[in-house]
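Novice: Below is a structure I'd like to ask you about.
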Amino acid sequence: MFLLHSTRTKPLGDSAHLVDLPRCVTCRRPSRVPHSTIRFASADSKAAALIERPPHEQVVRLSRLFLPTFNAESLSTSKAALPSLGLLLRGGFARQSSAGIYTLLPMGLRVVQKISAIIEDEMNGIGASRLEMPTLLSSALWYKSGRWKSMGSELFRLKGRGGSEYLLAPTHEEEVTRLVADEVQSHRQLPVKVYQITRKYRDEPRPRSGLMRTREFYMKDLYTFDADEARARESYEQVRGAYSRILDRLLGANHGAWLAAAADTGAIGGDLSHEYQIEDELGEDTILKCSTCAHAANQELAQSSPRHDPSVLPISAQDLRVELYELANDPAGLNAADSDAAFQIAAERSPARLWAVVVPRDRSISPVQLRKAAAQDLQPLHKSSHCTQPGQFSASFDKVTVLTDAECSAVEAQEVCDAVAAGISALLNEDHGTSAGAAPSLEDFFPPVQSLQASALVDVPFMTESSIELSYGNYREAADGDACSSCAAQGRAGTLVASKAIEVGHTFLLGAKYSDALQVGFTPAAADAANSPASSSQRRVPFQMGCYGLGISRLLGAIAQRSATLGGQHGFVWPRSMAPFQVCIIANGSNADGLAQVLQALFHRPGKVTGCSSDHPVVANDVAIDDREELSISRRLKDANLIGFPVVVVIGKAWREKRHVEVIIRDAQSVDGTIKCETTLIALD
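The numbers in UniProt numbering rise by one with no breaks, and the one at position 260 of the sequence shown is 260.
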């Protein structure tokens with residue numbers, strides 16, 4: 001019988017194991033217990049004694065571990081489609097509770113704990129303090145920051161008995177800002193770095209890719225608070241260095257094991273952002289990296305130099321792509337029946353602006369570059385969103401801004417105007433003939449052309465200086481094969497190469513966004529010196545913040561995917577820093593003397609057994625003994641390959657006959673798909 005627990009206390013006895021159940025089942029998260037100790041209580045006493053055990057008693061016996069493995073034939077077709085998920089299920093690492101929600105079993109939890117330990121070590125190294133904030137948050141601060149609305153359907157929202165609104169936290173910027181603001185009053189208390197490792201929640205519309213796109217996930221989030229922007233940037237670079245060390249320790253320092261890419265700040269906000277990616281065809285992000293320099297960026301943010309080959313550049317209106325945009329939640333474009341009084345008043349005070357974006361027909365528009373150029377959020381203009389009844393188009397605009405991509409510079413300005421006019425005409429006549437009513441007139445859509453007939457759309461009067469603003473810039477989405485803009489600025493020739501990648505971390509330099517939104521800050525040095533409470537409260541300076549996330553369960557899923565790719569369908573090939581156990585010893589009860597000698601060698605001469613150049617002792621509870629004697633040696637070897645132990649020691653026939661043990665070393669050597677797999681016979685004398 002197996003005993004399962006998910007509390008903060010070490011189990012009683014040797015046959016109870018840590019599992020990590022979804023928070024909807026159990027609300028307590030297990031913590032790591034020092035490797036060299038075990039807690040147990042006698043039957044007649046409630047007080048637990050803490051006893052040091054010798055190393056050979058700290059090894060984990062798989063016969064006592066909850067380890068439900070199964071073969072590939074028992075795996076459903078849908079789960080077998082993703083190699084890493086299939087192996088995680090077959091190897092007893094995890095079980096699916098529901099869509100996007102997983103239970104971590106003892107093997108999976110060990111990997112998560114190893115990832116967390118490396119992260120915690122590096123966070124401590126930069127002076128960050130660990131805390132734990134609530135998962136269930138009040139909506140009050142989220143209303144103040146504006147994210148209760150802007151995050152939309154991504155939030156899990158719920159109400160208490162009295163009608164109070166809450167959410168399951170996907171991130172903690174608001175909560176940590178209030179916490180620090182309540183405790184930090186003076187510049188003397190800065191900088192502050194706090195982090196947590198906890199569960200987060202996001203209402204994914206379509207959970208997929210195993211542990212990499214889930215509704216409940218483990219994450220490390222760090223928050224920094226500094227007195228000014230210069231110090232905040234120093235903290236940002238300090239954390240980036242820590243992230244580099246974390247990923248090197250987890251994935252190896254080989255070039256290409258992971259990469260950092262410039263990225264958009266998105267819903268989190270801020271002025272500077274980087275993503276930390278593991279290249280994999282399963283990834284949902286497209287990364288563009290230069291073949292010559294070190295530049296890399298997410299395709300959303302990446303910029304490229306304009307093409308110069310005349311044969312591929314547009315020369316007329318027919319070669320252009322035009323898309324129309326309006327200001328998101330533009331009051332002038334709202335139906336009166338759907339807009340509140342504030343929006344209607346704003347609409348009366350300012351003219352509505354139409355944005356036309358022009359790029360070559362073979363290129364896509366970059367939403368990020370468009371947002372940066374407009375300095376505000378835009379949304380595509382769709383006729384359906386402004387039709388109260390078939391044929392009735394309620395929106396009208398008084399200004400048109402035409403954003404033309406630099407690759408269209410060879411096209412005459414009048415040709416650009418013709419393309420925009422044709423795009424507007426196409427919008428107005430959209431679905432005409434399939435619905436009741438006449439198509440909206442150009443005069444209704446764009447009042448400044450009251451005197452213009454629809455048949456004269458291409459005439460110059462439509463594009464007057466009073467109604468049109470024409471500007472050039474970089475509005476196209478960079479693509480594979482484009483010229484690197486960083487190299488071009490330095491007179492070099494570099495080409496952008498596209499690859500798919502899995503995002504496992506993200507860093508943001510937030511500035512004062514959340515401090516301003518929540519109206520918090522600290523007393524600056526000058527006001528502090530005046531020692532005047534009244535003046536201090538009036539002269540508070542907002543914190544300069546940074547936030548930094550690492551997806552721990554996503555790291556598990558992404559590294560599992562790479563390990564599954566290296567090991568094939570037979571099992572994982574984990575980095576040694578992440579393997580659930582460094583060494584697995586397969587032994588029968590009849591070979592007890594051999595087991596004792598192997599353990600002695602591991603603890604005192606590990607290099608002889610593990611094949612490592614270092615002769616540092618192996619951590620005792622990083623050794624597993626597969627003593628499941630109901631299984632054959634061959635079945636246990638298959639399980640060892642499936643789970644991915646880097647070193648497997650078999651005490652079998654060779655021991656009985658020649659006093660030799662069989663050592664199998666299976667290590668990832670590089671990110672190019674090669675592995676080290678060696679089998680040798682070793683005499684321990």
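Idealized CB from N, CA, C, for every residue including glycine.
Since we're looking at a predicted model, the values are computed, not measured.
When we look at the beta-carbon of P646 and count the other beta-carbons within 10 Å, is it buried (16 or more) or exposed?
Specialist: Classification of P646: buried, given that the 10 Å Cβ count is 16 or more.
Novice: Just to confirm, are A261 and Q277 a CB contact at a threshold of 7 Å?
Specialist: For A261 and Q277, yes; Cβs fall inside 7 Å.
Novice: Report the CB separation of A419 from V322 in whole angstroms; it is logged as a contact under 8 Å.
Specialist: Correct: roughly 5 Å between the Cβ atoms.
Novice: C677 and residue 686 - do their beta-carbons sit closer together than 7 Å?
Specialist: Because the chain is modelled from 1 through 685, residue 686 falls outside the range shown and cannot be assessed.
Novice: Identify whether A683 lies in helix, strand or coil by the three-state DSSP scheme.
Specialist: DSSP places A683 in strand when its eight states are reduced to three.
Novice: Between the C-alpha atoms of A683 and I633, what's the straight-line distance to the nearest angstrom?
Specialist: Distance between the alpha carbons of A683 and I633: 20 Å.
Novice: For a quick check, are the C-beta atoms of T265 and F508 less than 7 Å apart?
Specialist: Taking 7 Å as the Cβ cut-off, T265 and F508 qualify as a contacting pair.
Novice: Does DSSP put W574 in a helix, a strand or coil?
Specialist: Of the three classes helix, strand and coil, the one that applies to W574 here is coil, per DSSP.
Novice: Helix or strand or just coil, what does DSSP make of G546?
Specialist: DSSP places G546 in strand when its eight states are reduced to three.
Novice: Please determine, among G521, C487, D228 and E415, the residue with the shortest C-alpha to C-alpha distance to P360.
Specialist: With distances taken between Cα atoms, P360 lies closest to E415.
Novice: What are the complete alpha helix (DSSP H) segments, minimum 4 residues, inside the stretch 62-101?
Specialist: Segments of the alpha helix (DSSP H) lying fully in the stretch 62-101: 77-80 and 83-90.
Novice: Need the endpoints of the beta strand (DSSP E) that residue 694 sits in, please.
Specialist: Residue coverage of the chain in this structure runs from 1 to 685, which leaves residue 694 outside it and unanswerable.
Novice: By Cβ distance below 7 Å, which residues in the same chain neighbour L141 in space, the five residues on each side in sequence not counted?
Specialist: These residues qualify, in order along the chain: E174, E175, R178 and L518.
Novice: Excluding the 5 residues flanking R628 on each side, which residues of the same chain have their C-beta closer than 7 Å to its C-beta?
Specialist: Closer than 7 Å at Cβ, skipping near neighbours: L62, S63 and R636.
Novice: Taking the alpha carbon of K220 as the reference point, which residue from V573, I559 and E122 has its own alpha carbon closest?
Specialist: That would be E122, whose Cα lies nearest to the Cα of K220.
Novice: Excluding sequence positions up to five away, which residues of its chain have a Cβ less than 7 Å from the Cβ of residue 700?
Specialist: The shown model of the chain, from 1 to 685, leaves out residue 700, and the question about it has no answer.
Novice: In the structure shown, what three-state DSSP assignment does T26 receive?
Specialist: Confidence is the limiting factor: at T26 the pLDDT is only 39, short of 50, which leaves the residue's position unreliable and the question unanswerable from this model.
Novice: Since Y236 and L272 are thought to touch, with beta carbons under 8 Å apart, how far apart are those beta carbons, to the nearest angstrom?
Specialist: About 7 Å separates the two Cβ atoms, so the contact holds.
Novice: Taking DSSP as the reference, what is the three-state secondary structure of S515?
Specialist: Three-state result, S515: helix.
Novice: Quick one: what does DSSP say F581 is sitting in, helix, strand or coil?
Specialist: Correct three-state label for F581: coil.
Novice: In angstroms, rounded to a whole number, what distance separates the CA positions of V520 and M133?
Specialist: Whole-angstrom Cα-Cα distance: 19 Å.
Novice: Short of 6 Å in beta carbon distance, which residues of its chain neighbour Q344, apart from the five on each side in sequence? Order them along the chain.
Specialist: Because the pLDDT at Q344 is just 39, under 50, the model does not fix this residue reliably, and the value given afterwards should be weighed accordingly. For Q344, where only same-chain residues beyond five positions count, there are no Cβ hits under 6 Å.
Novice: My understanding is that I625 touches A587, with C-beta atoms under 8 Å, so please give their C-beta distance in whole angstroms.
Specialist: Sure, about 6 Å apart at Cβ, within 8 Å.
Novice: Would you please state the rounded distance, in angstroms, between the beta carbons of Q544 and D226? I believe it to be under 8 Å.
Specialist: Q544 to D226, Cβ: 5 Å. Contact.
Novice: Take S97 as the anchor and find which of Q303, E662, Q185 and L211 has the nearest alpha-carbon.
Specialist: Comparing Cα-Cα distances from S97 to each of Q303, E662, Q185 and L211, the minimum goes to L211.
Novice: Report, in whole angstroms, the separation of the C-beta atoms of G546 and A232, which I expect to be a contact under 8 Å.
Specialist: About 6 Å separates the two Cβ atoms, so the contact holds.
Novice: Evaluate R666 with the Cβ neighbour count: other Cβ atoms within 10 Å of its Cβ, from every protein chain shown; 16 or more gives buried, anything less gives exposed.
Specialist: Its Cβ being crowded by 16 or more others within 10 Å, R666 is buried.
Novice: Once you ignore the five residues that flank R307 on each side, which residues in its own chain have a CB closer than 7 Å to its CB?
Specialist: Here the set comprises L313 and E407.
Novice: Express the C-alpha separation of G252 and S499 in angstroms, rounding to a whole number.
Specialist: Taking the straight line joining both Cα atoms gives about 20 Å.
Novice: Do the stretch 558-575 and the stretch 594-602 touch if we need at least three Cβ pairs shorter than 8 Å?
Specialist: Cβ pair count under 8 Å is below three, so no.
Novice: Could you have a look at F603 and say whether DSSP puts it in helix, strand or coil?
Specialist: In this structure, F603 counts as helix in the three-state DSSP scheme.
Novice: With D626 as the anchor, note down where its beta strand (DSSP E) starts and where it stops.
Specialist: Per DSSP, D626 belongs to the beta strand (DSSP E) from V623 to D626.
Novice: Could you tell me the alpha carbon to alpha carbon distance between S164 and Y195, rounded to whole angstroms?
Specialist: Roughly 28 Å between the two C-alpha positions.
Novice: I need the DSSP call for Y276, collapsed to helix, strand or coil.
Specialist: Reduced to three states, the DSSP call for Y276 is strand.
Novice: Applying the criterion that 16 or more other CB atoms from any shown protein chain within 10 Å of the CB defines a buried residue, is F70 buried or exposed?
Specialist: The residue in question, F70, is exposed, as its Cβ has fewer than 16 Cβ neighbours within 10 Å.
Novice: Output needed for S350: all residues of its chain with C-beta closer than 7 Å, excluding positions within five of it in sequence on either side, in chain order.
Specialist: Since pLDDT at S350 reaches only 45, below the 50 mark, its modelled position is unreliable, and the value read off the structure follows with that caveat. None.
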